[in-house]
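Novice: Here you go, one structure.
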């Protein structure tokens, strides 16, 4: 059954943390602290043993909180969850994030307990994300219990992350924040006893902040619903998905993680294809595709120009392009003539264009701009080994400027220590994705093309 | 023909930089600067237009330098290379690194010029690495012309890198230095007009500082010789190789890079197999395998224990293990009993052992140590999401201690922003390789097992 995800999950006016704690490191403390630091609306604590925590009044039950509560976050032990959830229903709380674990993922007994929770909300207006999840990071709502000194929070951007696994999802967020890449929403949805991945996909379809939806999936709850919601979404927005538990050993691991029925790998791959979902095979590929879709326009075709100052990386990129069906046409007359005029004779002006080990920023400007301009190319990958003595760091500003001027994808491959990392972060903070190896850059371009097609 | 690589390449007593320059950023300046900063022996400059550079006397030709010259580094333009090489032969210089490009990689005409160079050294005692290379980084010899402020230098360690491509090889070095991982020798050998990859493999076989040899290869010069030298080496030391130019487009790219005949991919894969060389498919895999071989012992078998605090990463690791034929046996009675006693009921004590989102350092200590101790396992991968509030950073010290105590491979998977990165670097500086994704960690373990088998 299709279900609308209440807007109170993402823009509540009042919240309650049930199981709020004064002990640093406890989930009920870290979640409350996040709200105290970022949330401008009303914050109530539910803890029968305290009067106030972090300056917020405590109540024995959510029923005692005066006024409406839009969003309740449950961080108590599993034993008391049925009671506090009953209280939420009685209080008519529209949105509940149930972080507590110890349900469906524990096997038969836990699954019974999860069924009991479903009965409690049945017929009510209370909708639940979880249990066994980290919840939401979106604007002022941040129920991710990893403390800010251990995990950074990204700024605003076009990438939404849906993750059945909390810890796994939160590391990608931490890494994106480090790189200066923004997100629209992060939702760790756990055992999906009520709201499932398909409901969330539908909600993100309508979300104007979200440019691309990424999805870490262990098992889909309702195959038909997933197919229908995903299909409707990919007409306008890309979905990139990784299915964990594709092997038989992996399926067993899924059972003791989120209690999902992992199902046969082929069925999932078939469904993804039918729904226009881009399936990736590794965690890294998910990340790499996400930053390409989140920042760059789609290419019109598969004709790629590769510019490099390291010939070897050019060769590896070429191998990967051929493997993935990406064309590398030689420069047509017009840019070719300009290259001959402006470059020393030892520069290889085929494709890859090898600017060689004494490349300077100007060679990059000419080659990238002429390829972005040319009708012969749908996108450019610039392999930039910043370590070369002749290469001025202003090459980064040139790329940022060219990326704004031309509406074609520009991806960069670079790697190295602090000097290079500073330049790489500057590119990423300005919306140019950077990949540490040529193979990964080409694979990301191929993902963009795959969705376009 | 087998050729001994003169020891003067690695431990010269006197050196000359031919084409030494006072202009910052020029190759002849950067190479000279490296020697001035690190080399304790005699340094001469060859530059007919200067009296001294960086405090070192200049000579119009190497013939005018008094006393023996063990190692000459040529950084001049291609046009004068024949003359300066003739001078090196006349001076009886045993070791020459020819950095200059503009030879075989430029096609027919360049190949003729390279043949002419070969004639010059023919019958002499002068041996050449290059042309079109970056040369050597080994102890006080550092001809890598990327300036130190742009590229870091790694400390001492067991990994040797042989790279046909200079720029490509130097980025891996830069990245290793950033991570605190040491190398024994880095050799960028370019067009291999004289000393080829097989000669260098033979030299590294005998090198007691080198624990593992990694190889970026575009084309082998003499197939028989490669097979024979590689085979003799892999009896005692692993060789990990990546062959670039495996596709037809990639082969063309190789031609304009190092001028090598790339040859059919299948022939290379067959030869690697026959010689006991571990072939990897991507640049990343080369790096990942290198740090595993460079730091960890070989596993006795393929039975792996996975410990995690993020269930999703455990699932992805499991999928990858099954794909690569790595076994994940459930804990036998003995550790299983201890796990039941010491861990809360919601900890999943199968394999992966999911310590869950409130894991602490003690759970890691118990699970890693019991698996390393147990006869049921040949190695452990610890997936450690440091971001969790309950996880004390001392978990890193525990891992370092356990890695020293037990002679089984221990690999870590972790990722994140500055907080996590600091802990990851500490692990790597103490000889524990860290991988950003579960798939990469499992693949690295599989490489170790592959060589052992």
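Chains as they are written, first to last, in this note's numbering: chain A, 178 to 630; chain B, 178 to 630. Beta carbons: idealized from backbone N, C-alpha and C, even for Gly.
Just to confirm the assignment, what range does the alpha helix (DSSP H) spanning residue 601 of chain B have?
Specialist: First-last of the alpha helix (DSSP H) with residue 601 of chain B: 595-606.
Novice: Residues of the stretch 581-613 of chain B with a CB closer than 9 Å to any CB of chain A: list them in chain order, please.
Specialist: So the list reads 591, 592, 593, 594, 595, 596, 597, 598, 613, given in the order they occur along the chain.
Novice: Quick check: residue 587 of chain B and residue 609 of chain B, are their CB atoms within less than 8 Å of each other?
Specialist: Cβ atoms of residue 587 of chain B and residue 609 of chain B: closer than 8 Å.
Novice: Taking 8 Å as the threshold, find out whether the stretch 241-261 of chain A comes into contact with the stretch 270-279 of chain A through three or more Cβ pairs.
Specialist: Judged by Cβ distances under 8 Å, the stretch 241-261 of chain A makes contact with the stretch 270-279 of chain A, as three or more pairs qualify.
Novice: What residues from chain A crowd round residue 541 of chain B, counting only those whose CB sits closer than 7 Å?
Specialist: Within chain A, no residue comes near residue 541 of chain B; the closest Cβ sits about 14 Å away, beyond 7 Å.
Novice: Tell me, which residues are paired with residue 391 of chain A by DSSP?
Specialist: DSSP lists A/338, A/417 as partners of residue 391 of chain A.
Novice: Pull up the distance between the alpha-carbon of residue 149 of chain A and that of residue 522 of chain B, whole angstroms please.
Specialist: There is simply no residue 149 of chain A to check, as chain A begins at 178 and stops at 630 in what is shown.
Novice: If you run the structure through DSSP and keep just helix, strand and coil, what is residue 485 of chain A?
Specialist: Residue 485 of chain A falls in the strand class under three-state DSSP.
Novice: Can the beta-carbon of residue 395 of chain B be found less than 8 Å from the beta-carbon of residue 359 of chain B?
Specialist: Their beta carbons are not under 8 Å apart, which means residue 395 of chain B does not touch residue 359 of chain B by this criterion.
Novice: When the Cα atoms are used, what is the spatial distance from residue 616 of chain A to residue 465 of chain A?
Specialist: Rounded to whole angstroms, residue 616 of chain A to residue 465 of chain A spans 11 Å at the Cα level.
Novice: Can you tell me whether DSSP reads residue 375 of chain A as helix, strand or coil?
Specialist: Of the three classes helix, strand and coil, the one that applies to residue 375 of chain A here is helix, per DSSP.
Novice: Is there a Cβ of chain B sitting closer than 8 Å to that of residue 185 of chain A, yes or no?
Specialist: No, residue 185 of chain A lies away from the interface with chain B (no Cβ there is under 8 Å from its Cβ).
Novice: If you compare alpha carbons, which of A/555, A/595, A/533 is closest to residue 568 of chain A?
Specialist: With distances taken between Cα atoms, residue 568 of chain A lies closest to A/533.
Novice: Report the three-state DSSP secondary structure of residue 263 of chain A (helix, strand or coil).
Specialist: In this structure, residue 263 of chain A counts as helix in the three-state DSSP scheme.
Novice: Would you kindly work out how many angstroms separate the C-alpha atoms of residue 484 of chain A and residue 222 of chain A, rounded to a whole number?
Specialist: Answer to the nearest angstrom: the Cα atoms are 57 Å apart.
Novice: Give the residues of chain A in contact with residue 529 of chain B, contact being defined as C-beta atoms less than 7 Å apart.
Specialist: By Cβ distance, chain A contributes 430.
Novice: Our contact map puts residue 337 of chain A next to residue 361 of chain A with C-beta atoms below 8 Å; I'd like the distance itself, whole angstroms only.
Specialist: Contact holds; Cβ gap of about 5 Å.
Novice: Compute the beta-carbon to beta-carbon distance between residue 496 of chain B and residue 561 of chain B, rounded to the nearest angstrom, for a pair I have assumed lies under 8 Å.
Specialist: Their Cβ separation, rounded to whole angstroms, is 19 Å, which puts residue 496 of chain B and residue 561 of chain B out of contact at 8 Å.
Novice: May I ask you to report which of helix, strand or coil DSSP gives residue 312 of chain A?
Specialist: Residue 312 of chain A: strand per DSSP, three-state reduction.
Novice: Shorter than 8 Å from the beta carbon of residue 579 of chain B to some beta carbon of chain A?
Specialist: Residue 579 of chain B does not count as touching chain A.
Novice: Determine the direct distance from the alpha carbon of residue 413 of chain A to that of residue 453 of chain A, and round the result to whole angstroms.
Specialist: Computed Cα separation, rounded: 11 Å.
Novice: Starting from the beta carbon of residue 406 of chain A, find every residue of chain B whose beta carbon is closer than 8 Å, and list them in chain order.
Specialist: Simply none; closest approach about 22 Å.
Novice: Determine which residues of the stretch 447-473 of chain A have a Cβ less than 8 Å from any Cβ of chain B, and write them out in chain order.
Specialist: Those would be 459, 460, 461, in chain order.
Novice: Closer than 7 Å between beta carbons: that is the criterion. Which residues of the stretch 508-521 of chain B meet it against chain A?
Specialist: Correct list: empty, as no residue qualifies.
Novice: Would you say residue 498 of chain B lies against chain A (beta-carbon separation less than 8 Å)?
Specialist: At least one chain A Cβ lies under 8 Å of residue 498 of chain B.
Novice: What distance in whole Å lies between the Cβ atoms of residue 491 of chain A and residue 531 of chain A, which are believed to be in contact at a cut-off of 8 Å?
Specialist: Right, the Cβ-Cβ distance comes to about 6 Å (below 8 Å), so this counts as a contact.
Novice: Just checking: is the beta-carbon of residue 423 of chain B within a distance shorter than 8 Å of some beta-carbon in chain A?
Specialist: Closer than 8 Å: yes.
Novice: I'd like the ranges of any alpha helix (DSSP H) spanning at least 4 consecutive residues and lying wholly in the stretch 196-281 of chain A.
Specialist: Listed in chain order, they are 204-215, 258-267.
Novice: Which residues mark the beginning and the end of the alpha helix (DSSP H) in which residue 542 of chain B is found?
Specialist: Its alpha helix (DSSP H) spans residues 538-550.
Novice: Can you tell me which of the three DSSP states residue 452 of chain A falls into?
Specialist: Residue 452 of chain A falls in the coil class under three-state DSSP.
Novice: If you draw a straight line from the alpha carbon of residue 539 of chain A to that of residue 434 of chain B, how long is it in whole angstroms?
Specialist: So the alpha carbons of these two residues sit roughly 21 Å apart.
Novice: Please list the residues of the stretch 319-332 of chain B that have a C-beta atom closer than 8 Å to any C-beta atom in chain A, keeping them in chain order.
Specialist: Those would be 322, 323, 324, 326, 327, 328, 329, in chain order.
Novice: Residue 585 of chain A by DSSP, collapsed to three states: which one?
Specialist: Coil, per DSSP.
Novice: Excluding the 5 residues flanking residue 190 of chain A on each side, which residues of the same chain have their C-beta closer than 8 Å to its C-beta?
Specialist: These residues qualify, in order along the chain: 218, 219, 245, 247.
Novice: On a CA-only basis, which of B/333, B/312, B/224 is nearest residue 607 of chain B? Give me that one, please.
Specialist: Measuring from the Cα of residue 607 of chain B, the nearest candidate turns out to be B/333.
Novice: For chain B, find out if any of its Cβ atoms is closer than 8 Å to the Cβ of residue 348 of chain A; answer yes or no.
Specialist: Yes, residue 348 of chain A lies at the interface with chain B (some Cβ there is under 8 Å from its Cβ).
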